[in-house]
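For the sequence shown, the residue numbers in this note's numbering are 25 to 134.
For reference, the structure is listed below as structure tokens.
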Amino acid sequence: PDLADVAAASSGQAPSQGKSEEGCSHQEEFWYCFEGADKVDYDKNIDVDAMPCETPEQLAEVKRLVREHGYSGFSVVRGMACVKDLGRPMTMEDLHHNEVKNKFYIPCRQ
């Protein structure tokens, strides 16, 4: 997937390569997952939490935290989740392609 998928996610459309997944039992909410994209901002403190994320249960816990607090999304790399808060939903301009084998999750709230 490329950053065009991120643009689709930020507009509420499904990513072109079908990288959505259910985030919980609520059918109105799901997640977009982008491989090789991240949000890094050294000038602003957008990282609000870091949590282990190696199991499906830990992934569900990170998703729960993001949903409950209204955070923008999170990146998972090497078994750790970095929770991001931009104070608003993520857009294509927020994510950048990288060579690290991470996954970036953006909640889709309708």
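Backbone N, C-alpha and C define an ideal beta-carbon position, used for all residues, glycine too.
Check: Environment of residue 97 [buried if 16+ CB atoms lie within 10 Å]; Outcome: buried
Check: Contacting residues, own chain, Cβ-Cβ under 7 Å from residue 77 (five flanking each side not counted); Outcome: 83, 86, 100, 103, 104 and 105
Check: Straight-line gap, residue 122 to residue 61 (C-alpha atoms, nearest Å); Outcome: 6 Å
Check: Residue of 69, 65 and 94 minimising C-alpha distance to residue 113; Outcome: 94
Check: Per-residue DSSP class, three states only, for residue 64; Outcome: coil
Check: Under the three-state DSSP convention, the category residue 43 falls into; Outcome: The pLDDT assigned to residue 43 is 46, lower than 50, so where the model puts this residue is not dependable, and the model offers no usable value.
Check: From 89, 57 and 111, residue whose alpha carbon lies closest to that of residue 75; Outcome: 89
Check: Buried versus exposed, by CB contacts within 10 Å (16 or more), residue 118; Outcome: buried
Check: Enclosing beta strand (DSSP E) for residue 108 [first to last residue]; Outcome: 104-108
Check: Spatially closest choice to residue 68 from 109, 57 and 92, by CA coordinates; Outcome: 109
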